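Undergrad: Got a structure for you, questions after.
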Amino acid sequence: MPKSCPAWLENALGTAHDGAGDLTVAAVGAEKLLGAGGLKLTSAAFQSGEGLDPSFTADEEDAVAPPLEWSQPPAGTMEMAVVVEDVSADARCHWLVWGIAPQRGKLMEGETPPRTGKNGAGNSDWLLPALEDEDEHTFVFQLFALDTPLSLSPGASRKALVEAMDGHVVGVSLLTATYAREKEIEDWDDIDLE
Numbered sequence: 000m001p002k003s004c005p006a007w008l009e010n011a012l013g014t015a016h017d018g019a020g021d022l023t024v025a026a027v028g029a030e031k032l033l034g035a036g037g038l039k040l041t042s043a044a045f046q047s048g049e050g051l052d053p054s055f056t057a058d059e060e061d062a063v064a065p066p067l068e069w070s071q072p073p074a075g076t077m078e079m080a081v082v083v084e085d086v087s088a089d090a091r092c093h094w095l096v097w098g099i100a101p102q103r104g105k106l107m108e109g110e111t112p113p114r115t116g117k118n119g120a121g122n123s124d125w126l127l128p129a130l131e132d133e134d135e136h137t138f139v140f141q142l143f144a145l146d147t148p149l150s151l152s153p154g155a156s157r158k159a160l161v162e163a164m165d166g167h168v169v170g171v172s173l174l175t176a177t178y179a180r181e182k183e184i185e186d187w188d189d190i191d192l193e
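Every letter in the sequence shown is one number past the one before it in numbering that gives the first Met the number 0, and letter 121, counting from 1, is 120.
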């Protein structure tokens, strides 16, 4: 059963999602941390709420993680962490990243981050969104500014990352993206190619 979502997080996401209470930010974030010090997460590949390009999903063979950028984090930030979860699938984890220098300000498209943990499939890569159904899923990119370097080993679990970050988050920014499996054309004869 999904955990209840705090009102501040529901407001930040813009719409209600059944799995929002299970997101990492629900466990270690707070309303006062949202955008602290002007912290803002963006991507050159999509605007918040837009669809993910197939090049970041299982719809393409050579798919990679999308690029991310962030503004100057709050004073006292020692490290940045990124968690990406599918709020439409019980907050299934697609990426756990930490050990990023705060002044770096970005992760390039397809870049291998300094430290990664186990995603929902049990490996440390960007877990390509691959859906069984044709429903639209919402992915929440969560950026955390931390006041201490994390001493986690690569391959750590989401649970271990949440425990390590608890009490050390000084800023949070959220970015959402949607993805729906491309519908296959069943009968080419039904398509008008004028």
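Where is the CB? At the ideal position from N, CA and C, for every residue including glycine. For clarity, every value in this text was computed on a predicted model and none was experimentally measured.
Please list the segments of the alpha helix (DSSP H) lying wholly inside the region 135 to 168, counting only runs of 4 or more residues, in order along the chain.
TA: The qualifying runs are 157 to 164.
Undergrad: Report the residue ranges of all alpha helix (DSSP H) runs contained in full by the region 40 to 108; include only those spanning at least 4 residues, in chain order.
TA: Counting only runs of 4 or more, we get nothing.
Undergrad: Hey, out of Ser87, Gly34, Val24 and Pro113, whose CA is closest to Phe138's CA?
TA: Checked all of Ser87, Gly34, Val24 and Pro113; the closest Cα to Phe138 is Ser87.
Undergrad: In this structure, does DSSP put Gly170 in helix, strand or coil?
TA: Of the three classes helix, strand and coil, the one that applies to Gly170 here is strand, per DSSP.
Undergrad: Less than 6 Å between C-beta atoms, sequence neighbours within five positions excluded: which residues of the same chain meet that for Val96?
TA: Cβ neighbours of Val96 beyond the five flanking positions: Val81, Pro112 and Thr115.
Undergrad: Return the residue from the list Leu130, Ala64 and Thr23 that minimises the CA-CA distance to Asp165.
TA: Out of Leu130, Ala64 and Thr23, Thr23 has the C-alpha closest to the C-alpha of Asp165.
Undergrad: If contact is defined by three or more beta carbon pairs under 8 Å, each pair taking one atom from either stretch, is the region 33 to 45 in contact with the region 146 to 162?
TA: No, the region 146 to 162 is not in contact with the region 33 to 45.
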